[in-house]
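Peer 1: Position in the sequence shown (from 1) plus 4 gives the number in this note's numbering. This is the structure I have questions about; it appears just below.
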Amino acid sequence: MKTFLGELYGSIPLEIRFGRQFGIHKALLEKFENGSEQYKQDYIYNKILETLIFAEKHIPYYQKTFAEHGVSSKDFKAIEDIAKFPTLSKADIKKNLDSLYTDVRYKPVAHYTGGSLSTPTKFYLAANSRAKEKVYNNYIFTKIGYKYRTPTVLLKGREISIPEKEIYWEYEPIDNYFLLSNNYLNSDKFPLMYEKAKAFRPKFFFGYPSAVLSFVKMSKRYGLEPIGIEGIILASETCYPDEIEIIKGFFKNAKVLSLYGNSERDVIGYRVGERYNLLGSYAAMRVVDGEIVTTSFDNFVMPFINRKSGDFATGEIETYGKSDIAKTVGNIEGRTKDFLVSEDNRLVSITTMCGGQHLPLEDIDAIQYIQEEPGVVTVLVEDPNHRVDIAKVKEGMHKLVRDGIDFRVKVVDKIEKTFRGKRVICKQALDVEKIRLEKESRQN
Numbered sequence: 005m006k007t008f009l010g011e012l013y014g015s016i017p018l019e020i021r022f023g024r025q026f027g028i029h030k031a032l033l034e035k036f037e038n039g040s041e042q043y044k045q046d047y048i049y050n051k052i053l054e055t056l057i058f059a060e061k062h063i064p065y066y067q068k069t070f071a072e073h074g075v076s077s078k079d080f081k082a083i084e085d086i087a088k089f090p091t092l093s094k095a096d097i098k099k100n101l102d103s104l105y106t107d108v109r110y111k112p113v114a115h116y117t118g119g120s121l122s123t124p125t126k127f128y129l130a131a132n133s134r135a136k137e138k139v140y141n142n143y144i145f146t147k148i149g150y151k152y153r154t155p156t157v158l159l160k161g162r163e164i165s166i167p168e169k170e171i172y173w174e175y176e177p178i179d180n181y182f183l184l185s186n187n188y189l190n191s192d193k194f195p196l197m198y199e200k201a202k203a204f205r206p207k208f209f210f211g212y213p214s215a216v217l218s219f220v221k222m223s224k225r226y227g228l229e230p231i232g233i234e235g236i237i238l239a240s241e242t243c244y245p246d247e248i249e250i251i252k253g254f255f256k257n258a259k260v261l262s263l264y265g266n267s268e269r270d271v272i273g274y275r276v277g278e279r280y281n282l283l284g285s286y287a288a289m290r291v292v293d294g295e296i297v298t299t300s301f302d303n304f305v306m307p308f309i310n311r312k313s314g315d316f317a318t319g320e321i322e323t324y325g326k327s328d329i330a331k332t333v334g335n336i337e338g339r340t341k342d343f344l345v346s347e348d349n350r351l352v353s354i355t356t357m358c359g360g361q362h363l364p365l366e367d368i369d370a371i372q373y374i375q376e377e378p379g380v381v382t383v384l385v386e387d388p389n390h391r392v393d394i395a396k397v398k399e400g401m402h403k404l405v406r407d408g409i410d411f412r413v414k415v416v417d418k419i420e421k422t423f424r425g426k427r428v429i430c431k432q433a434l435d436v437e438k439i440r441l442e443k444e445s446r447q448n
């Protein structure tokens, strides 16, 4: 019944399912992509101005900080003037959340960051923001031939395994995805998972680079032939050129697309060749001292202005006009690909630990994972006010991983940063690569 209803719902045209906003954003995207250089700069200017005007009229935090910096929307005369406005850090968001959003136009819906996992951050979006996200993702995926609801293996997102029933997969009928458990890709359950995925007859893979690489390595270990697919969409983690070559070398003739976006929905881009293309109709992405700084468009609940993302752009940067708003960049480096090691030496990507629905993130300032032996992980939770419920954190961790790791949660006043001021999400004392190789040797 779930599958039948899901497929029925999935067959409804997106313009109907997501409402009027879907058609509006689709038309704006297409017009922008086909527009002249002057049209694009004018569009970006008007969208930034719209965001600034809304923010200073309805958002107390921006009213205060604009006044402190002596700027207002009247000072925004050209797109490069966005550099005059103050930046917004994750610490600013956490400290001033209640004065950073409004319900004057839409009902706010709570979300949590999914990228910089060491500092989980709560924020708000309007419910209809999903329509815009769907438009842009679908447009980007067409760059390698994907059409909505083409059969796709999904290697990202929530943990779906039920080990006691020997189930390590799940079918999602709405988008026609076949989900595989990331936590069991590096286990002896892989051949069973592979056969289930192959029987689905997918045309695409969509997942974390670390998960797709694990699928490749495990397929080779067990002597399994590549599944014949047309393309791979990589998301949520930094992916380096040598890793892409490994993936391409295994999935012969398959195109590889790297997607860049975030939970805040204030930047989106993609790479098929050697450079990332940023979609300027979606939001404005600047590069300041190497760091990606974003300004949202169309967010009339909690607009982001010059938000410091913590991600970095490298290589040559192509910009619009005299501004530092990026059109293309060479590479983007962001989310971590550290691993935890389970009791039976499975490698669990740290990205799996992103689960706002399972953790009391509103009480957590930062998280750090420390491991010195397989199957045991100390979790430091930064909470100087000691509001967090340790039992809830531990329960949430086990929901994310299911089994194989004993999480020992400790609340601390402060988690130390590196000398450069960066947070370290995972202090891994185990030699992950050695464990991987030893396990491969035993199984071979």
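Yeah, the Cβ is synthetic: ideal placement off N, Cα and C, and Gly gets one too.
DSSP three-state label for Thr69, please.
Peer 2: The count along the sequence shown starts at 1 and reaches residue 69 at position 65. Of the three classes helix, strand and coil, the one that applies to Thr69 here is helix, per DSSP.
Peer 1: Once the 5 residues before and after Phe210 are set aside, which same chain residues still bring their CB inside 6 Å of it?
Peer 2: Your numbering for residue 210 matches position 206 in the sequence shown. The answer, listed in chain order, is Thr156, Leu158, Ile237.
Peer 1: If you count every other CB in all the chains shown that lies within 10 Å of the CB of Pro388, and 16 or more means buried, which is it?
Peer 2: Position 384 of the sequence shown, counting from 1, holds the residue named residue 388. It is exposed - the Cβ of Pro388 has fewer than 16 other Cβ atoms within 10 Å.
Peer 1: Could you tell me if His390 is buried or exposed, where buried requires 16 or more neighbouring beta carbons within 10 angstroms of its beta carbon?
Peer 2: As a working mapping, residue 390 is identified with position 386 in the sequence shown. Exposed, since its Cβ has fewer than 16 Cβ neighbours within 10 Å.
Peer 1: Is DSSP giving Arg24 helix, strand or coil here?
Peer 2: Here residue 24 refers to the residue found at position 20 when the sequence shown is read from its first residue. In the three-state reduction of the DSSP assignment, Arg24 falls in the helix class, which pools H, G and I.
Peer 1: Grouping DSSP H, G and I as helix and E and B as strand, with all else coil, what is Lys431?
Peer 2: Reading the sequence shown from its first residue, position 427 is the one you call residue 431. Strand, per DSSP.
Peer 1: Looking only at C-alpha atoms, which of Ser103, Leu101, Ala130, Asp102 sits nearest to Arg109?
Peer 2: For this step, residue 109 is matched to residue 105 along the sequence shown. Measuring from the Cα of Arg109, the nearest candidate turns out to be Ala130.
Peer 1: Using only alpha-carbon positions, find the residue among Glu320, Val271, Thr332 that is nearest to Asn303.
Peer 2: By one-based count along the sequence shown, residue 303 stands at place 299. The candidate whose alpha carbon is nearest that of Asn303 is Val271.
Peer 1: So, is Lys81 buried or exposed, given that buried needs 16 or more other C-beta atoms within 10 angstroms?
Peer 2: On the sequence shown, residue 81 is found 77 positions in, with the first residue counted as 1. Exposed is the call here.
Peer 1: Let me know the secondary structure DSSP gives Ala258 once reduced to three states.
Peer 2: Sequence index remark: in the sequence shown, residue 258 carries index 254 (1-based). The answer is coil: DSSP assigns Ala258 none of H, G, I, E or B.
Peer 1: Identify which residue in Asp342, Val405, Val397, Gln372 has its Cα closest to the Cα of Phe436.
Peer 2: If you number the sequence shown from 1, residue 436 lands on position 432. Position check: residue 436 holds Val in this sequence, whereas Phe was assumed. Val436 has its Cα closest to that of Asp342, out of Asp342, Val405, Val397, Gln372.
Peer 1: What is the rounded straight-line gap between the Cα of Asn281 and the Cα of Tyr143?
Peer 2: Within the sequence shown, numbered from 1, the residue matching residue 281 stands at position 277. Within the sequence shown, numbered from 1, the residue matching residue 143 stands at position 139. Spanning the two alpha carbons is a distance of roughly 13 Å.
Peer 1: I'd like to know whether the C-beta atoms of Thr318 and Asn335 end up nearer to each other than 8 Å.
Peer 2: Within the sequence shown, the letter at position 314 stands for residue 318. Within the sequence shown, the letter at position 331 stands for residue 335. Yes. Within cutoff.
Peer 1: Check whether the segment 43-50 touches the segment 277-295, counting contact only when three or more Cβ pairs, one atom from each stretch, lie closer than 8 Å.
Peer 2: yes
Peer 1: Excluding the 5 residues preceding and the 5 following Phe58 in the sequence, name in chain order all residues of the same chain whose CB lies nearer than 8 Å to its CB.
Peer 2: Counted from its first residue, the sequence shown places residue 58 at position 54. So the qualifying residues of the chain are Phe304, Pro307.
Peer 1: What does DSSP give as the partner residue(s) for Phe209 in the beta ladder?
Peer 2: What you label residue 209 is simply residue 205 of the sequence shown in a count that begins at 1. Val157, Ile236.
Peer 1: Thinking just about the alpha-carbon of each residue, which of Lys326, Gln372, Gly379, Thr332 is nearest to the one in Asp348?
Peer 2: Sequence index remark: in the sequence shown, residue 348 carries index 344 (1-based). Asp348 has its Cα closest to that of Gly379, out of Lys326, Gln372, Gly379, Thr332.
Peer 1: Quick one: any contact between the segment 210-222 and the segment 160-177, if contact means 3 or more CB pairs under 8 Å?
Peer 2: yes
Peer 1: Rounded to whole angstroms, how far is the Cβ of Gly14 from the Cβ of Ile178, which I believe are closer than 8 Å?
Peer 2: The count along the sequence shown starts at 1 and reaches residue 14 at position 10. The count along the sequence shown starts at 1 and reaches residue 178 at position 174. Contact check for Gly14 and Ile178: beta-carbon distance about 4 Å, within the 8 Å limit, so the pair qualifies.
Peer 1: What residue from Phe411, Val385, Arg24, Lys312 has the CA that sits closest to Gln375's CA?
Peer 2: Taking the first residue of the sequence shown as 1, we reach residue 375 at position 371. That would be Phe411, whose Cα lies nearest to the Cα of Gln375.
Peer 1: Does Met306 come out as helix, strand or coil in the three-state DSSP assignment?
Peer 2: Mapped onto the sequence shown, residue 306 falls at position 302. It is coil, neither helix nor strand.
Peer 1: Can you say whether Ile16 is buried or exposed, counting buried as having 16 or more other CB atoms within 10 angstroms of its CB?
Peer 2: What you label residue 16 is simply residue 12 of the sequence shown in a count that begins at 1. Exposed: under 16 other Cβ atoms inside 10 Å.
Peer 1: Work out the CA separation of Glu399 and Gly227 for me, nearest whole Å.
Peer 2: Mapped onto the sequence shown, residue 227 falls at position 223. Mapped onto the sequence shown, residue 399 falls at position 395. When the Cα atoms are used, Gly227 and Glu399 turn out to be separated by approximately 37 Å.
Peer 1: Taking the alpha-carbon positions, what's the Gly273 to Asn186 distance?
Peer 2: Along the sequence shown, read from residue 1 onward, the residue named residue 273 stands at position 269. Along the sequence shown, read from residue 1 onward, the residue named residue 186 stands at position 182. If you take the alpha carbons of Gly273 and Asn186, they lie about 25 Å apart.
Peer 1: Examine the Cβ distances between the segment 58-69 and the segment 96-112 and report whether three or more of them are shorter than 8 Å.
Peer 2: yes
Peer 1: Could you give the DSSP three-state label for Tyr13: helix, strand or coil?
Peer 2: Mapped onto the sequence shown, residue 13 falls at position 9. The answer is helix: DSSP assigns Tyr13 an H, G or I state.
Peer 1: Here's the rule I'm using: 16 or more other beta-carbon atoms within 10 Å means buried, otherwise exposed. How should Lys68 be labelled?
Peer 2: Counting from one through the sequence shown, the residue named residue 68 turns up at place 64. Under this definition Lys68 is an exposed residue.
Peer 1: Go ahead and label Leu12 buried or exposed: buried means 16 or more other beta carbons lie within 10 angstroms of its beta carbon, across all protein chains shown.
Peer 2: Within the sequence shown, numbered from 1, the residue matching residue 12 stands at position 8. The residue is exposed, with fewer than 16 neighbouring Cβ atoms inside 10 Å.
Peer 1: Which same chain residues end up closer than 8 Å to Val416 when comparing Cβ atoms and leaving out the 5 residues on each side of it in sequence?
Peer 2: In the sequence shown, the residue the question calls residue 416 occupies position 412. Counting only Cβ-Cβ distances below 8 Å, and skipping sequence neighbours, we find Leu384, Val385, Glu386, Asp387.
Peer 1: With distances taken from CA atoms, which of Gly277, Arg153, Ile231, Thr55 is nearest Phe301?
Peer 2: In the sequence shown, the residue the question calls residue 301 occupies position 297. Ranking Gly277, Arg153, Ile231, Thr55 by Cα distance to Phe301 puts Thr55 first.
Peer 1: Can you tell me which residues form a DSSP beta bridge with Leu184?
Peer 2: Against the sequence shown, residue 184 aligns to sequence position 180. BP columns for Leu184 point to Trp173.
Peer 1: Touch check for the segment 167-183 and the segment 250-267: three-plus C-beta pairs under 8 Å?
Peer 2: no
Peer 1: Taking the alpha-carbon of Phe254 as reference, which of Ala239, Arg225, Gly314 has the nearest alpha-carbon?
Peer 2: If you number the sequence shown from 1, residue 254 lands on position 250. Comparing Cα positions, the closest option is Arg225.
Peer 1: What residue does the alpha helix (DSSP H) around Asn141 start on, and which one ends it?
Peer 2: As a position in the sequence shown, residue 141 is number 137, starting the count at 1. Note, Asn141: alpha helix (DSSP H), 133-145.
Peer 1: Under 8 Å between the Cβ atoms of Glu234 and Gly149?
Peer 2: Against the sequence shown, residue 234 aligns to sequence position 230. Against the sequence shown, residue 149 aligns to sequence position 145. Yes, Cβ-Cβ distance for Glu234 and Gly149 is below 8 Å.
Peer 1: Look up Pro112 in the DSSP assignment and say whether it is helix, strand or coil.
Peer 2: Translated into the one-based positions of the sequence shown, residue 112 becomes position 108. Correct three-state label for Pro112: strand.
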